[in-house]
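Residue numbers (this note's numbering): -1 to 108.
Glycine included, C-beta positions come from ideal geometry on N, C-alpha and C.
Heads up, the thing below is written out as structure tokens.
Listed below in structure tokens is the structure:
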């Protein structure tokens, strides 16, 4: 693994994308799936398969890029700096803070 801290940030972003229970993406997907189910019964199967394929591909992409020997063009990569980690923190912190107060996002519909 060339950049372990960057890989950790990427893993956290992947977990936020997988619709795990405490994260806001779960509620968004549940609202979409419920609305689709009320629209047509066939769309719930199609939406469920699409959600499963998206989650599987996200994990597959992460695992294939973080395991195995490093290619030659990545070995000479400079280490990440504080500004990259600050940028990732500022992108992921609002998502993680919505776990503490989810009413900011879906208070109008529940």
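Backbone CA spacing between residue 17 and residue 32 [nearest angstrom]: Position 19 of the chain shown, counting from 1, holds the residue named residue 17. Position 34 of the chain shown, counting from 1, holds the residue named residue 32. Whole-angstrom Cα-Cα distance: 15 Å.
8 Å Cβ cutoff met for residue 20 and residue 93: In the chain shown, the residue the question calls residue 20 occupies position 22. In the chain shown, the residue the question calls residue 93 occupies position 95. No, they are not a contact pair.
Nonlocal neighbours in the same chain, by C-beta distance under 8 Å from residue 56, ignoring five residues either side: For the purposes of this step, residue 56 is identified with residue 58 of the chain shown, where counting begins at 1. These residues qualify, in order along the chain: 12, 15, 16.
C-beta contact flag for residue 6 and residue 78 at 8 Å: The residue labelled residue 6 in the question sits at position 8 within the chain shown. The residue labelled residue 78 in the question sits at position 80 within the chain shown. Their beta carbons are not under 8 Å apart, which means residue 6 does not touch residue 78 by this criterion.
Every unbroken alpha helix (DSSP H) within the stretch 51 to 96, with a cutoff of 4 residues, ordered by chain: 70 to 73, 80 to 95
Proximity of residue 45 and residue 34 at Cβ, strictly below 8 Å: Within the chain shown, residue 45 is the residue found at index 47, counting from 1. Within the chain shown, residue 34 is the residue found at index 36, counting from 1. Taking 8 Å as the Cβ cut-off, residue 45 and residue 34 qualify as a contacting pair.
Three-state secondary structure assigned by DSSP to residue 111: The chain is shown only over -1 to 108; residue 111 falls outside these bounds and no answer can be derived.
Euclidean distance between Cα positions of residue 65 and residue 53: Here residue 65 corresponds to residue number 67 of the chain shown, with the count starting at 1. Here residue 53 corresponds to residue number 55 of the chain shown, with the count starting at 1. Going from the Cα of residue 65 to the Cα of residue 53 covers about 18 Å.
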